[in-house]
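Numbering-wise (our numbering), the sequence shown opens with residue 2 and increments by one. Positions of the beta carbon are idealized from the N, C-alpha and C atoms, including for glycine. Keep in mind that this is a model prediction, so the values were computed, not measured. Beneath this line is the structure, given in structure tokens, with notes to follow.
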Amino acid sequence: MFIGGPARLSAAPSLLEPDRHRRWADRPALICGQRMVSYHQLWRLVADARQLVDAGTARLIQLPMSNDLDAIIAYLATLASRSVALITHEDGVDDAGVVARFQPNAVWRNGDLIERDAPGHVLHPELAALLSTSGSTGSTKLVRLSHGNLVANADAIAAALNLTGKDRGITSLPLHYCYGLSVLNSHLRAGACVVVTNGSVINEDFWDEVRNHEVTDLAVVPLMAQLIASRGGIPEDLPKLRLITQAGGKLEPHEVAQWDQECRHAGRDFCVMYGQTEATARMTLMPPAKVRDHPDAVGYPIADSTVHLEPVDDMSGLPPAAGELVFSGPGVMLGYAEHPDDLALGHMVDQLHTGDLATIDASGLVRIVGRRSEFCKIAGLRIDIHRVQAELTKLSIPAVVAGDDESLAVAIDASRCAEKPPEMAEVRSHVAEAAGLDLALVQAALLSTLPTLPNGKADRKECLRLVRAISESDAELSAVDPRWWRLRRRDTASALARILGKDSIDTSVSFVANGGNSLNHSAAAVVLARSYGSLPRDWHHRPLADFLTPGTQHTWFIGLETSVVLRALAVITIASNHTGATALIGGAHALLTIAGYNFARFTLTKHTPAARWWSAVRTMASVAIPTSLVALYGVLVTGSYKWSNVVLLQWILGPQTRGRHRVFWFIESYLTAFCLAAVIFAIPQVMRWYRSRPWATAISITLIAIIPKTYAVSAGLPRTEYLPWVIMWMFTLGIAIAHAHSWPQKLASFGVLTVGMYHLFDTVAHRSERYAYVVIAIALLTLVANVRIPRLLAVPAQLLASASLFVYILQFDLFYFMKWLGSEDRWSRFIGAVILATAIWWAFNWLSTAAASRVRAKWRAGQVA
């Protein structure tokens, strides 16, 4: 028996209509890797898969919706057979409760339909798909969508975005998420193409697909938009990309304005949209031409739909004209399903009460101004606060859950705890699991009593403020704890946050996306290696979560990134050579190549010229400022340096003779090479070459940079091995080595090293030792990803690598200080100076991190007050 209106199966539309799509037979429908599937081929694949589904009666079929061709074919075949698709996450782990309750008759796995021993279901003929509610997790409450819902919403989106057969979208979002699924549906209804990928916007491979497949439109949620912005924005060499759409949560008006400005500058549109799964996907859309004037709005209702406001009880802090937004239109769901019997229901909902508070101006423009207290939306997930709190009640935890669009807060009532209060870490873990959020997005605190409203109910806003203030205070204290290297594996994320100078990190994105750079990557590499084991070369561009699970490794040895080990060795040999303790010479030149290697990994990976310049300026400033301060001290106090050292231009302004005034030659060469490389790669054509052929571009620049060295040597110029314009090629060689992935590239890089080194050290002492040192160091950097060292040496190696700048610029002053203390032995002066320089770096880092944390804590406390 069907409830909710007569079935309209014969008139129900379909995402794939033979008559409609026959006109587009030869057009590409899907691109999966190197495979292009035309609409004709897609129709045949769906028809073949449909034969697996057809069983005489409609059935409930689970579809773990991954971003691949098999899942898309299974989805379309299920809909075409008039069975019902129970769309779940790719791995299905988070949907075990849903599957247990609704008992699907079969499940799609890698293109095969596997039958399950499950009871038959009474399915309403209009029912097409079941999805989780607006991204919510931890709930068995599903949204019932009809064929008409899917088609009407897809058509409205395609019309609003002007999608045509010339457009190509990309699966930048999961297909089990309604926004991601709407991208697929709208493009198929428009006869457009979809590039199918599992790639992430934080990885260069994703942008290679956008570039190579000439993607025209890209869908993002706020978190993705922020990640893209943190990497420097959309790459500039994407001429076909005409449109960026944003939904799935709120971007702040200034962020919308920034995105709109950048898109306009690049000749593309930025479109803000708003929707919920309960409305199939989109409800409103802001025309790109109006985004600049209304960055705080979410647009106008899509075609054939309307919105209006209904009053709410609590209007505190809201505009007078605000109310709950209510949506009507063909995209409104059939209703919810909380039990298998609900699958027989038809249309039970005429209007969708969104739970969002909004205003609507005279032109019909919608602005979201808040959310009803029982809901919040974090990282694109709509969280039912009452359901999360119910999970804590089951665990006998007396608490109030509150939240906004930033995070969830759990206020635990200490007066109602029967025994000792629960561990905050366990509470956060339970809540994060129930809400489907990253642990970093959940805060918890113990309150002596819970604040209440005059009516006796819990004051959620005050609970949120108190919990957040307590959490910020705790974060401030932990951030200044100098003992981060003593943290165990379970505290790896906390250690990384402190290294990055943050209160918390997002483990779903990479070290670079979290703000990592060439200056703090050594410490992070050691922390991760101690917990995980040997790291891959590109670890800094992979999600940190990949390395937070302890790996399998030998008890007494650890694999450290080669560049970290080489930096530590270089600073030791430089300092020991300058005291006469050893004669291992060449460390500074090797460091110049390592600097170029890290320039490629941390600066050139930024996507826009502005981001690359900012990264370069920040790195150069962090080197130049401490060095200039040391030189200024030498000018004003000890008389050991000159003003040319303070401005770091001794190689231009001062004599090229030996002496204390030449000790900063490496810093000058480093800054000059860094600056020139930034200028070279700011040239659009050079950057396009680099994006398409990074190694070939970098090695070509290196060969050009060797020409001045050849001239200097042939002209017999004195001490050329210390001049920036002579040795810049060593920096650009490091860039090439970062991209030398094949053996021919590695061998060719080594060959260029041999050419560049020819006669370089002929006019100085210990030239054989210098040649050997540099060749061996760069060979290791080129050929070996990780060096295994005793675990006990991991922290000292990290400390030396991280403190290498301070050791270099302070070494001579500290040598004299050690001598003043009475140390006459070369080894004692060397060891003492290195220890003192490392301690100064550590104190400087500790104080600056603590100061930054205090500023952030006070600022955020002011924001919530």
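Pull the bridge partners of residue i from the DSSP assignment, please.
| i | result |
| --- | --- |
| Ser364 | Answer is none; Ser364 lacks a bridge partner. |
| Trp847 | Answer by DSSP bridge pairing: none, since Trp847 is not bridged. |
| Phe271 | Ile245 |
| Thr281 | For Thr281, which the question treats as bridged, DSSP gives no partner whatsoever. |
| Asp414 | Leu448 |
| Asp357 | Arg372 |
| Ser133 | Leu143 |
| Gln63 | Leu87, Val108 |
Please state if the CB of residue j and the CB of residue i are separated by a distance shorter than 9 Å.
| i | j | result |
| --- | --- | --- |
| Asp314 | Ser329 | no |
| Ala617 | Ala679 | yes |
| Arg145 | Asp343 | yes |
| Ile73 | Leu185 | yes |
| Leu806 | Pro627 | yes |
| Ile62 | Leu182 | no |
| Val47 | Leu70 | no |
| Ser306 | Ala157 | yes |
| Thr783 | Ser824 | no |
| Tyr180 | Gly249 | yes |
| Met225 | Thr246 | no |
| Ala193 | Ala159 | yes |
| Pro302 | Met284 | yes |
| Val389 | Val428 | no |
| Arg461 | Ile384 | no |
| Asp218 | Val257 | no |
| Cys272 | Leu162 | yes |
| Glu215 | Lys241 | yes |
| Val631 | Ile810 | yes |
| Leu382 | Gly332 | no |
| Ala412 | Ala445 | yes |
| Thr703 | Gly757 | yes |
| Ala591 | Ala571 | yes |
Under the rule that 16 or more other beta-carbon atoms within 10 Å means buried, what is residue i, buried or exposed?
| i | result |
| --- | --- |
| Gly365 | exposed |
| Glu127 | buried |
| Pro120 | exposed |
| Arg469 | buried |
| Ala716 | exposed |
| Arg21 | exposed |
| Lys378 | buried |
| Phe548 | buried |
| Ala322 | exposed |
| Gly170 | buried |
| Ser849 | exposed |
| Val222 | buried |
| Ala26 | exposed |
Compare the Cα-Cα distances from residue i to each of the options and report the closest residue.
| i | options | result |
| --- | --- | --- |
| Thr620 | Gly517, Ala741, Ser641 | Gly517 |
| Gln1 | Gly249, Ala304, Leu529, Leu353 | This structure does not reach residue 1, given that the chain is present from 2 up to 866, and the question cannot be answered. |
| Ala706 | Ala524, Ile681, Pro685 | Ile681 |
| Gly597 | Leu801, Trp652, Ile779 | Ile779 |
| Ile940 | Arg36, Ala713, Val566, Lys643 | Residue 940 is absent from the structure shown; the chain starts at 2 and stops at 866. |
| Pro236 | Ala391, Asn578, Arg689 | Arg689 |
| His740 | Leu605, Gly640, Arg51 | Leu605 |
| Leu761 | Ala786, Val796, Val785, Ile708 | Ile708 |
| Ile826 | Thr583, Trp644, Leu382, Lys643 | In the sequence on display, residue 826 carries Asp and not Ile. Among Thr583, Trp644, Leu382, Lys643, the Cα nearest to that of Asp826 belongs to Thr583. |
| Leu64 | Leu409, Asp209, Leu176, Arg602 | Leu176 |
| Ala78 | Gly112, His255, Ala97 | Gly112 |
Can you tell me whether DSSP reads residue i as helix, strand or coil?
| i | result |
| --- | --- |
| Phe665 | coil |
| Asp20 | helix |
| Thr450 | coil |
| Ala86 | strand |
| Asn186 | helix |
| Asn787 | strand |
| Asp261 | helix |
| Thr165 | coil |
| Glu463 | helix |
| Arg145 | strand |
| Arg36 | strand |
| Leu174 | coil |
Can you check whether the C-beta of residue i is within less than 9 Å of a C-beta belonging to chain B?
| i | result |
| --- | --- |
| Asp385 | In the structure shown, chain B does not exist; there is a single protein chain. |
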